[in-house]
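Per my numbering, the sequence shown starts with residue 9, numbered consecutively.
Each residue gets a CB set at the ideal place from its N, CA and C atoms; glycine is no exception.
Computed from a predicted model, the values in this text were never measured in an experiment.
Comments concern the structure below.
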Amino acid sequence: MRQYLVVFVSFLFSIQIVFAQAPKKGTSAEIYHSVQKLNFLGKALYVAAHPDDENTRLISYLSNNVKAKTAYLSLTRGDGGQNLIGPELRELLGVLRTQELLAARRVDGGQQFFSRANDFGYSKHPDETLKIWNKEEVLGDVVQIIRTFKPDVIINRFDHRSPGSTHGHHTSSAMLSFEAFDLVNDPNAYPSQLAATEIWQPKRLFFNTSWWFYGSREKFEKADKSKLMNMDVGVFYPTLGVSNNEIASWASSQHLCQGFGRITSRGSENEYIEFLKGDFPKDKSNIFDGINTTWSRVVGGEAIGTILTKVEADFDFTNPVKHLPQLLEAHKFISSLSDVHWKTIKLVEIEAIIQSVAGLYLEASADAAIANPGNAVKLNLDVLNRSDARITLKSIGISDVDEGLEPLTILENNKKNNFELNLDIPKETNFTSPYWLNEKGSLGMYKVTDKSLIGKPETPRAFQANFVLDFDGYEITFQKPVVYKYARNDKGELYQPFEVLPEATARFDDKVVIFADGKPKQIAITVKAHKDNIKGDVQFCYSKGWTVDQEIKPFEIAKKGDEQILQFTLTPPTNEDESYIAPIIKIDGNQITKELVTIAYDHIPTQSVLLPAEAKVVRLNIQRLGENIGYIMGAGDDVPTSLRQIGYNVVTVDPNSIQAGSLDKFDAVVVGIRGYNVVKELQFKQRFILDYVKDGGNLIVQYNTAGRWDKQFNNIAPYELKLSRDRVTDENSSVKIVAKDHALVNFPNPINEKDFEGWVQERGLYFPNEWSDEFSPILSMKDNGESAKKGSLLVAPYGKGNYIYTGLSFFRELPAGVSGAYKLFANMLSIGKENVEKKPAVKG
Ligand SMILES: [Zn+2]
């Protein structure tokens, strides 16, 4: 399991990080930078649809150059995309991409918001998007986030006036932002929100345009720019030793699951924003023109401004703690502000600065990564003052529980203070799993019952330690989330979130189990203990028509972290059928129906996600030929597991091991999704792969993207084949079989239009749009209002074998248990074997 490493770039703005794990202190330059931000009272909100849509150059520029509090509202969490670094898809990909956005914001200094809209996959037009999303709810979320964050300026990534020219989610994000701009200040719009927040009027709305939206650089040169403002986002920050676009590149390189790791850019670069509505700025070099962004913006702020402007002007880089008395005085004034909104924001900022100048190290770490409601955990509390400031520790408490200490300790310069505290976790404590996945949502929306969570990037941490420190008679409470830390000898010190999870969770190894005939299958339920000494029962739930050997089986696990596997024998019905099975864990009258999925990468904090523990069971009547399949993994998909389910022997082929004749043992070779995009070695191995086909092999190549293509690599197929961006996104669009007599739709499984029912998310993507005469197109399909696309499934004989290229989304359909997709895939694997005796899919 990989763990969270503190990425090197995060030290840059470490003192602004709210959710940071390791309590690092800022350098003098970073403290100075934070003081400058403390003295700026203006806010900007950037709006788009997905993780990676955001322009990190502009977000970083606003945050670090203008010093504005800057946030990115991504309407979705990016569940519908693909994953270049691991197996997470759908809601788990949304969790990963949420964390990648937070990692990007830790670098560029922004904040992050989300709506409840679900990234259900590609849509070509905002009309479709807003039908699948609940438009009223998503608009309400945008309104609520604006009312709560209170931005002065809003910048849309996309053009609300160009539906159909980009992803429907993109245009929708701009349309909703444009509409929300006028609603946020209307007390009759979403009035129920006003119990928790207030109406607000942003000053102006922009669209972050570029030459690209004008068709060419030449057209953009000539365009009327009277409504455009521009800024140099390549500006260099001498105190930080980096330029804005370097920070921006590092931020966008956090989107690793989307393959955004990239070369850092430097040097002057212009960014344009087009004024859409609100007050047109008189000074076109200042997007905050006409907005008071100084401390005098808030009632009682002048005195604070006077103190802090002086701190900024006289800042002592060699001895920043010199400013502590002024900072404490400013803190006192900020605490008494009647403007709760600015008070809350600025207290967080100034308290981070106070900790940094005094070199304060405050940490609450649990002795276990996971604990359960109703159980206890031991906390280690570290308190260290690394300055001459006279500071006394008065108490340490834990939010929402009674536990606490009152050690009353004078914190001498650089002298360690350690305390221990037993934390009894209340029975009613919520699990720390991502809140938007707690309840079952719809195709287009997450369901979030607690409205106060809407907009938040993550589930708030269950426990915060409150360190009450006395600065020579003035008390400040510093809040720190309880963390878990440990060391690994190959990685060093590691931090991860402290999680509250159920006592046990259960899972099926396979999310979809295919019964290709009437024989029973062994179904394993793995119970994992999240505490010592648990015992109970597992009940196996299933649908009518299916039978199980024994519905309830007991389990007993001694050690936390250990697992026990329970085997159940499930017999399918005689006829084709699809239904679900689920385990219920019963411990002392409690019922648990969740499984735990851990997402661990080096660039994000480890995520613990609770999902319904269920599996789909499908009774199919399917035929297949051939036995041994070689699978060359691409960007990562679960197709091999699915093929094993219908009885194939699937071997993963290491691309480096491919040489003349090495593939001959396989009845078919399959290239995983984006294989030629991500596996560099394939350009050197392609001749051996094509020779395998020539000698009688059967090769199936799944989709590759047309864009990021290695130019040297042009022999993906034995004949001419041109990939395009053609895609059919409506999973219910009608499909016509255009080569009705071809073996692919007849043998060994007859395929008809019914086999294209029940598909998920989309039909397919990046279909070829030009091919040589050797290829036979098998299917024709189209989205509403578009021309028919015939490139989804192409087959060509080559030598004694067959070459198949398909952009159909088998990587989504097979793991989802879509019957027709299984039959079609079995036919692809069986092509050329018409004269061999048929076998049922599963051997006896
Ligand atoms: Zn996007």
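Check your understanding: Start and end of the beta strand (DSSP E) containing F121?
Key -> On the sequence shown, position 113 is the one that residue 121 refers to. Q119 to F122 is the extent of the beta strand (DSSP E) around F121.
**Study point:** C-beta contact flag for I630 and Y830 at 7 Å
**Key:** On the sequence shown, position 622 is the one that residue 630 refers to. On the sequence shown, position 822 is the one that residue 830 refers to. Result yes, Cβ atoms of I630 and Y830 sit closer than 7 Å.
Check your understanding: Which stretch, first to last residue, makes up the beta strand (DSSP E) that contains F186?
Key -> For the purposes of this step, residue 186 is taken as the residue at position 178 of the sequence shown. Residue range G176 to L191 is occupied by the alpha helix (DSSP H) that includes F186, with no beta strand (DSSP E) assigned at that position.
Point to revise | V508 versus H538 - alpha carbon distance | key: For the purposes of this step, residue 508 is identified with residue 500 of the sequence shown, where counting begins at 1. For the purposes of this step, residue 538 is identified with residue 530 of the sequence shown, where counting begins at 1. Rounded to the nearest angstrom, the two C-alpha atoms are 10 Å apart.
Review point. Should W220 be labelled buried (16 or more other beta-carbon atoms within 10 Å of its own) or exposed?
Key: The sequence position of residue 220 within the sequence shown is 212, counting from 1. By the neighbour-count rule (16 or more Cβ atoms within 10 Å), W220 is not buried but exposed.
**Study point:** Straight-line Cα distance separating F696 from Y727
**Key:** In the sequence shown, the residue the question calls residue 727 occupies position 719. In the sequence shown, the residue the question calls residue 696 occupies position 688. Taking the straight line from one Cα to the other gives about 15 Å.
Review point. So, V546 versus L578, is the Cβ gap smaller than 7 Å?
Key: For the purposes of this step, residue 546 is taken as residue 538 along the sequence shown, with counting starting at 1. For the purposes of this step, residue 578 is taken as residue 570 along the sequence shown, with counting starting at 1. Against a cut-off of 7 Å, the Cβ pair of L578 and V546 comes out as no contact.
Review point. Would DSSP call P823 helix, strand or coil?
Key: On the sequence shown, position 815 is the one that residue 823 refers to. Here P823 sits in coil by DSSP.
Exercise for review: Determine the contact status of L66 and E282, defining contact as a CB-CB distance below 7 Å.
Suggested key: Residue mapping note: residue 66 aligns to position 58 of the sequence shown, counting from 1. Residue mapping note: residue 282 aligns to position 274 of the sequence shown, counting from 1. The answer is no: Cβ separation not under 7 Å.
**Study point:** Local conformation of Q720 per DSSP, three classes
**Key:** Locating residue 720 in the sequence shown gives position 712, where the first residue counts as 1. A caution first: Q720 carries a pLDDT of 48, below 50, which makes its placement in the model unreliable, though a value can still be read off. In this structure, Q720 counts as coil in the three-state DSSP scheme.
Check your understanding: Just the Cα atoms here: how many angstroms apart are K292 and D190?
Key -> Taking the first residue of the sequence shown as 1, we reach residue 292 at position 284. Taking the first residue of the sequence shown as 1, we reach residue 190 at position 182. Taking the straight line joining both Cα atoms gives about 23 Å.
Practice item. Just tell me which of K673, G669 and N126 has its CA closest to the CA of V658. Key: By one-based count along the sequence shown, residue 658 stands at place 650. Measuring from the Cα of V658, the nearest candidate turns out to be K673.
Review point. Taking 6 Å as the line, does the beta carbon of A473 fall inside it for any heavy atom of ligand 1?
Key: As a working note, residue 473 is residue 465 in the sequence shown. False, no ligand heavy atom lies under 6 Å from that Cβ.
Review point. With respect to 6 Å, is the separation between the Cβ of A57 and the closest non-hydrogen atom of ligand 1 below this value?
Key: Numbered from its first residue, the sequence shown carries residue 57 at position 49. Yes, since a heavy atom of ligand 1 falls inside the 6 Å radius drawn around the Cβ of A57.
Review point. Is E141 helix, strand or coil when you go by DSSP?
Key: As a first step, residue 141 is located in the sequence shown; it is residue number 133 there, counting from the start. Before going on, a small fix: residue 141 reads as Trp here, not Glu. Coil at W141, not helix or strand.
Review point. What residues in its chain sit with their C-beta under 8 Å from that of E359, if we drop five residues either side in the sequence?
Key: Here the question's residue 359 lines up with position 351 in the sequence shown. Hits under 8 Å: H339, I484 and F486.
Check your understanding: What are the boundary residues of the alpha helix (DSSP H) that includes Q107?
Key -> Here residue 107 is taken as the residue at index 99 of the sequence shown, counted from 1. First-last of the alpha helix (DSSP H) with Q107: R98 to D116.
Review point. Assuming L109 and I607 make a contact with CB atoms under 8 Å, what is their CB distance in whole Å?
Key: One-based indexing of the sequence shown puts residue 109 at position 101. One-based indexing of the sequence shown puts residue 607 at position 599. Contact flag wrong, Cβ pair sits at about 14 Å.
Point to revise | Pick from G50, P591 and S827 that is closest to I353, judged by C-alpha positions | key: As a working note, residue 353 is residue 345 in the sequence shown. Nearest of G50, P591 and S827 to I353, Cα basis: G50.
Review point. Looking at A751 and I786, is the spacing between their C-beta atoms short of 7 Å?
Key: Walking along the sequence shown from the start, residue 786 turns up at place 778. Walking along the sequence shown from the start, residue 751 turns up at place 743. No, these two residues do not count as a Cβ contact at 7 Å.
Check your understanding: Which ranges would you report for the beta strand (DSSP E) in the stretch 630 to 693 if only whole runs of at least 3 residues count?
Key -> 636 to 640, 657 to 660 and 676 to 679
Point to revise | DSSP state of I295 mapped onto helix, strand, coil | key: To locate residue 295, count along the sequence shown from 1; it is residue 287. Here I295 sits in coil by DSSP.
Point to revise | Strand pairing of F475, partner residues [DSSP] | key: Position 467 of the sequence shown, counted from the first residue, corresponds to residue 475. For F475, which the question treats as bridged, DSSP gives the partners I404 and F486.
Check your understanding: Whose C-beta lies closer than 6 Å to the C-beta of D149 among residues of the same chain, with five residues either side of it excluded?
Key -> Translated into positions along the sequence shown, residue 149 becomes position 141. Taken in chain order, the residues that qualify are S123, R124 and I462.
Check your understanding: Which one of K143, A57 and S460 has the shortest CA to CA distance from G102?
Key -> Looking up residue 102 in the sequence shown gives position 94. Selected option, being the one with the closest Cα: A57.
Review point. CB of D61 to nearest heavy atom of ligand 1: below 6 Å?
Key: Taking the sequence shown and counting its residues from 1, the one referred to as residue 61 is at position 53. Because some heavy atom of ligand 1 lies under 6 Å away, the Cβ of D61 counts as near it: yes.
Practice item. Might you give, ordered along the chain, the residues of its own chain that have their beta carbon closer than 6 Å to the beta carbon of E414, omitting 5 neighbours on each side? Key: Indexing the sequence shown from 1 puts residue 414 at position 406. Hits under 6 Å: S403.
**Study point:** Residue closest to Q472, alpha-carbon to alpha-carbon, out of G405, V241, R394 and A384
**Key:** As a working note, residue 472 is residue 464 in the sequence shown. The residue with the shortest Cα to Cα distance from Q472 is G405.
**Study point:** Alpha-carbon to alpha-carbon, L604 and Q504
**Key:** Reading the sequence shown from its first residue, position 496 is the one you call residue 504. Reading the sequence shown from its first residue, position 596 is the one you call residue 604. As the crow flies, the alpha-carbon of Q504 is around 16 Å from that of L604.
Practice item. Would you please state the rounded distance, in angstroms, between the beta carbons of L316 and W303? I believe it to be under 8 Å. Key: As a first step, residue 316 must be located in the sequence shown, where it is residue number 308. As a first step, residue 303 must be located in the sequence shown, where it is residue number 295. So it is a contact: roughly 7 Å between Cβ atoms.
Exercise for review: Have a look at A374 and L392 and give me their C-alpha separation to the nearest angstrom.
Suggested key: As a working note, residue 374 is residue 366 in the sequence shown. As a working note, residue 392 is residue 384 in the sequence shown. Here the alpha carbons of L392 and A374 stand approximately 18 Å from one another.
Review point. Is P199 helix, strand or coil when you go by DSSP?
Key: The count along the sequence shown starts at 1 and reaches residue 199 at position 191. Of the three classes helix, strand and coil, the one that applies to P199 here is helix, per DSSP.
Exercise for review: Helix, strand or coil for E357, going by three-state DSSP, please let me know.
Suggested key: On the sequence shown, residue 357 is found 349 positions in, with the first residue counted as 1. Residue state, collapsed to three classes: helix.
Review point. Ends of the beta strand (DSSP E) at S587?
Key: Along the sequence shown, read from residue 1 onward, the residue named residue 587 stands at position 579. S587 -> beta strand (DSSP E) spans D585 to I595.
Practice item. Indicate whether at least one CB of chain D lies closer than 7 Å to the CB of F221. Key: The structure shown has no chain D; it contains just one protein chain.
Review point. With a Cβ-Cβ cutoff of 7 Å, do G815 and F775 count as a contact?
Key: Against the sequence shown, residue 815 aligns to sequence position 807. Against the sequence shown, residue 775 aligns to sequence position 767. A contact, by the Cβ cut-off of 7 Å.
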